[in-house]
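Only one structure is covered here, and it is reproduced in the block below.
Chains as they are written, first to last, in this note's numbering: chain A, 1 to 446; chain B, 1001 to 1618.
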C-alpha cells in the first residue's frame, strides 16, 4: 500500500483554502479545509474564484470526501456562500467544531454571546466618533482612530449565514455532518483508511472554554442597547466652572494642571475598544477545529486559527506533542500572526525538515500590518523550515512545489513520508499541466 | 525631621490684647483634623455608612491642597472644574468635616484626601520616616488626586504625572449588581479603591522598578500589596468592625464574619472580591500559585495568605475575651452583654489589623529593588518582623510562614521553612563588610535634621564608591563592569521591644545593562536591571542584603536571561492583542502591559468573570 499526499494551497488572498489529496494505490480521497477571504483582502484572487477553480479542477469527479470548516470567520467560509455552485458538488462528510452544533445549549450559548458581543462592539465602533460633539477636534480624531483600529480587528466577526447554511445543509449527496471536539471519537476519511485523524481542539472542558467567552459582553450589550454611551453629568452645572475661568483664577493656582497630567486625564477616557476587539477575535478564533492528519508516521498539522488555550492543552499532552514532533506540513495559524504559533512549537518541536504554508495577502485596514509577522517568518527560516506564502510563491516550480500562476501552489509531501512509500511526482506535473491548460494556460513562472 | 507646613491658630485682633493668648502654646494648632468618610460602598446606603477618622493637621488651601497631596477636581468628560472644598471653613471644621453626600463633589474631595492621608500616615508610622513623592530627579512633588477624572469603571495611578485618576460611570453600563439601575457610581467614594491606588503611588515611590514586569509575581505583588493595605487599613476603623460583629450571628471564633466584611468592602479593589480565593471553609490550594497568572487573581493569593496571619493574630488576642463573653460557645448571647463586648472585640480586631498592616509595610524596606517575587516578600516580612520583635509573641510570624507554605509560595533557594531559614541570611559574605562611619553619621543627621541637596549627592557618591570598590562589589552581588546607581538611602528609626530606639540605614543599589535596540525589542521594551538592597546597622556593619543580580547569559547565572525571555514569550502567547500590535507597540509591549491603567481596566466587574488567560492588555 503506497500513499501519496499532496496539499494544494488555493490563493484566496487573505484567507484559507487548502485541498489535501490522499492517493492510496489509485484510491483518491480529497479533503477541503476552509474556503474564505477577508472582505478587506487586497489579493488578486478571492474565495469565490477559488471555489470555482476547485470545481474546475475536480472535473468529472465532482466529489469531495470531506469538507472542513475550521471556524465561522469570513476568511475561512465566505467561499461557501456560492450555494448553487456547491449544490453540484458531492460531499461525503462535513466537519465543523462542536461550537457549531445547532442543538447543544452550550454551543448555542457561546455562539449567541460571541455574536451579540460582536454586534454590540461593531455598533459602538460606528457610533463612537460622532458621540461627542463637545470634544475638541484632537480628541475626536483620536477617538476616530481608535474606532478604526478596532473596526480593523473586527473585520471577520460577522460571519456569512449563507455560507454557514451551505455547510450545514448544502452540497450534493447526503453529506454527514460531524461536530468535533477534543473528546470526540476520531473521525475517519473513508477512502483514505491509512490516514489517522487527530482532533486537537476545541476542548469541551469548562476551564478551557472560559477563554471562548467574550470578556465583558454584558457591558457592550448594555451599552449598545442604551442608545449608545450618553454623557453622564455627575453634578449640576452650578457646581462647576469651565477651563477658561479655572485657569484664569490665580487663587486656584495650586490646583492648576500641567500639560502632561492633562493629557493623561484626557487619555483616560479612551475606550477599550481595541482591546475588546482583540479579545473577541481571540475568543472566536479559539473555537477553531484543530486537526492533525497522521499518515505513514508523518503529520500534517492544520490548527485553523487556534489560540493559546488550544495550543497550551496540545503542548501539555504528551501524545499530541509526539504528533507535533513529527510534523511534515504546518498550515500556519491565523495567517502568520505573531502569537498564533507558539514560540516553543517552532523552537522545540517543529522538525527542520517540515514545510510551512502561510495563506495571506495584504489587507487594507489598520491593525493588520503585522500579519504575517516578520519575526515568525524569520523563526521558521532560522530553523531551516521551508516557508511557502500564497502572496509570494516561489518564482520557479520545483519537483515538490508546483506553482500555478496566482491560482494555487501544490506541495508534494510524499517524499517526506516514511521511505518505504513511493512517490509519483509525474502525476502531479501532469495534473497541473491539464489544469493549467484548462484555465487558459497560465505559466508556472510569474 | 521636617513636617508639612503647620497652620497657626488665628484669632480676632481684639483677643490679641490678652498676652497669654499670644504665647506659642496658645497658638499651637491641634495636631489632628477630624474628617468623615464612607465606611462602605455607597450602594449600602448613606445612613449607617459613615466613619469619623482623623488625619494629621496641616495647612490646607481649597482643593484640599496640602503639602504632599492635593485634590484637583477636573472632569475631562464634561470639561468642568468642580468647586474645591475649603476644609478650614468654620462650618466644616465644626462638623468635623462635611457629612457624606453623593451629590456634593466637595465631600468626594474630602474623602479622597482623608483616606489618602491616612494611607500615607500608616506608611510613615510603619517605616519610621517621612515620605515625600519624588520625580525622576529626586525632587519633591505633590501627588494629585482627580476624583472625577473620566467616565468609566476604572481608577488608576499614573506614575509619570504622579496622579491618581478616578472614574465614574452609570450603574447599568456594567452589571448593576446591588446598585440602583441608572445610578452614578463614583469609584472615588470607595475607601478601598482610594487606599489601593494611594498604596500603588507609595510603593512606586519606594520601589520605582516594581512596575517593570520581569516575572509573573511583579504586577501581582503591586496589586496584592495594595489590596492588603486597603483591607487592613479598613479594618483599623473599629466602628466598621463593630457593626459587623454586632450583626453577626455566626461563630466569632471562625474567620467567617471578618471575611464577610472584607468581601463587602472589596468589589472595587479589583476584579471581584480581593479575598475570593480565601472563602470560609475553603482550604488554600497550592496549585493556584502555579496556574493563576492574572495580576489581581494572583495578588489575591498574597492577600489570602496575609489574612490567615491576621486571623491568627486576632484569635490569639481575642480568644480569652470571646470565651468569657460567650461561655465557650463562640456565639454572643442576645441582650445587654452584646453591647459591652462588641466594642472590645472590635478594638481587638482593629489592633490586630494595625499590627499586621505595620508588619506588611515594614517589610518593604527589606525587598530587593527589582524583580520582586512573593518568596522575596515572605523573606522580607519575616526578617522585618524579627528585626523589631525577636520573640514572636502571638505566633503571627509562624502563622504567616505556614499560610504562605499552604499556598505553595516558597522563597527561592531556601532549604527549610524554619523561621531562621526563611529570614534573610545575616551570615552572607556581606556581613563582614563595614560601611564608613562618615556615611552613617551624615545619613542619620540628615534624616533627623534635614539635609541639603548637595549633602544628598555627596552621600550618594560616597555610597556608590563604597559599593563599587573591589572589596565590596562581589559581596553585594553587583556586576563589576556596570555603573552603579544609588537608587536611594535613608535612616530607619524604630522602637523595638523593650523600648530601645534603633537606627539602621537602608540603601539601594541598581544597575542597568545596556542593550541593543534588537535585544530590547525581543524583551518587549524591558530593561535589564539588577540591584541590591542593603540594611546597615548603626555601627556600619551590614546586617542583611537582598540581591537580584542583573540577568546574565550564562546558564548558571543567578538570574538567567533565558528565563526572562521565556517569560516574555509566555506573556506574548497569552495576549490576544499581540497579533494586532504595530511595530512601535510591539517594541514596547511588555512595558505597556505593566501600566497601572492597563492592569486596572475593567474594575469593578461583579458578574461571573471568567478568569482570562491572565494577560494585561497594552
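No residue lacks a Cβ here, since even glycine has one placed at the ideal position from N, Cα and C.
Check	Outcome
Taking the alpha-carbon of residue 13 of chain A as reference, which of A/5, A/35, A/42 has the nearest alpha-carbon?	A/42
Go ahead and pull the three-state DSSP assignment for residue 1333 of chain B.	coil
Anything in the region 52-74 of chain A with a Cβ closer than 9 angstroms to a Cβ of chain B? List those residues in chain order, please.	none
Inspect the CB distances between the region 1307-1326 of chain B and the region 1194-1209 of chain B and report whether three or more fall short of 8 angstroms.	no
Using the C-alpha atoms, what's the distance from residue 368 of chain A back to residue 1524 of chain B?	19 angstroms
Flag this pair as yes or no: are the beta carbons of residue 91 of chain A and residue 175 of chain A separated by less than 8 angstroms?	yes
Have a look at B/1480, B/1518, B/1097, B/1444 and flag the residue whose alpha-carbon is nearest the alpha-carbon of residue 1129 of chain B.	B/1444
To which residues does DSSP link residue 331 of chain A through a beta bridge?	A/357
Does the Cβ of residue 285 of chain A have 16 or more other Cβ atoms within 10 Å, making it buried, or fewer, making it exposed?	buried
Can you pull the DSSP bridge partners for residue 22 of chain A?	A/5, A/29
Quick check on the DSSP output: the alpha helix (DSSP H) that includes residue 1238 of chain B runs from which residue to which?	1238-1247
Please classify residue 1454 of chain B as buried or exposed, where buried requires at least 16 neighbouring CB atoms within 10 angstroms.	exposed
Inspect the beta-carbon positions of residue 1142 of chain B and residue 1156 of chain B and report whether they are closer than 8 angstroms.	no
Report the partner residues of residue 291 of chain A according to the DSSP bridge assignment.	A/199, A/302
Determine contact between the region 1295-1302 of chain B and the region 1344-1353 of chain B, defined as no fewer than three beta-carbon pairs at a distance below 8 angstroms.	no
Secondary structure at residue 414 of chain A, three-state DSSP: helix, strand or coil?	helix
Report the residues of the region 1076-1092 of chain B with a CB closer than 8 angstroms to any CB of chain A, ordered along the chain.	1076, 1077, 1078, 1079, 1080, 1081, 1082, 1083, 1084
Looking at C-alpha atoms only, which residue of B/1216, B/1092, B/1188, B/1036 is the closest neighbour of residue 1563 of chain B?	B/1216
I need the straight-line Cα distance from residue 20 of chain A to residue 30 of chain A, nearest angstrom please.	6 angstroms
Please report the distance separating the alpha-carbon of residue 1020 of chain B from that of residue 1027 of chain B.	10 angstroms
Considering only residues of the same chain and omitting the five flanking positions on each side of residue 1367 of chain B, which have a CB-CB separation below 8 angstroms?	1207, 1376, 1377, 1380, 1533, 1546
Under 6 angstroms Cβ to Cβ from residue 420 of chain A, same chain only, skipping five residues before and after it: list those, please.	Here residue 420 of chain A scores only 42 on pLDDT, less than 50, and its place in the model should not be relied on; the value that follows carries that caveat. If we look at residue 420 of chain A and ignore the five residues flanking it on each side, it has no Cβ neighbours.
Have a look at residue 1440 of chain B and residue 1428 of chain B and give me their C-alpha separation to the nearest angstrom.	21 angstroms
Taking C-beta pairs closer than 9 angstroms, name the residues in chain B that residue 231 of chain A reaches, listed in chain order.	1077, 1078, 1151
Classify residue 1036 of chain B as buried or exposed, calling it buried when 16 or more other Cβ atoms lie within 10 Å of its own Cβ.	buried
Within 10 angstroms of the Cβ of residue 244 of chain A, are there 16 or more other Cβ atoms? Answer buried if so, exposed if not.	exposed
Which residue or residues does DSSP assign as beta-bridge partners of residue 101 of chain A?	Paired residue(s): none; residue 101 of chain A is not in a bridge.
If I follow the unbroken alpha helix (DSSP H) through residue 259 of chain A, where does it start and stop?	259-268
Would you grab the beta carbon distance between residue 1072 of chain B and residue 1113 of chain B for me? Rounded to a whole angstrom, and I think it's under 8 angstroms.	Going by Cβ atoms, the distance from residue 1072 of chain B to residue 1113 of chain B rounds to 11 angstroms, so no, they are not a contact pair.
Below 8 angstroms CB to CB, which residues in the same chain sit around residue 1012 of chain B once its five sequence neighbours on both sides are set aside?	none
Determine, using beta carbons only, whether residue 303 of chain A and residue 337 of chain A come nearer to each other than 8 angstroms.	no
Specify, as a first and last residue, the run of the beta strand (DSSP E) that residue 1151 of chain B falls within.	1143-1151
Per DSSP, what kind of secondary structure is residue 239 of chain A in: helix, strand or coil?	helix
Do residue 65 of chain A and residue 38 of chain A have their beta-carbon atoms positioned less than 8 angstroms apart in this structure?	no
Comparing alpha-carbon positions, which option in A/386, A/361, A/323 lies nearest residue 353 of chain A?	A/386
Would you say residue 164 of chain A and residue 89 of chain A are within 8 angstroms of each other, going by their C-beta atoms?	no
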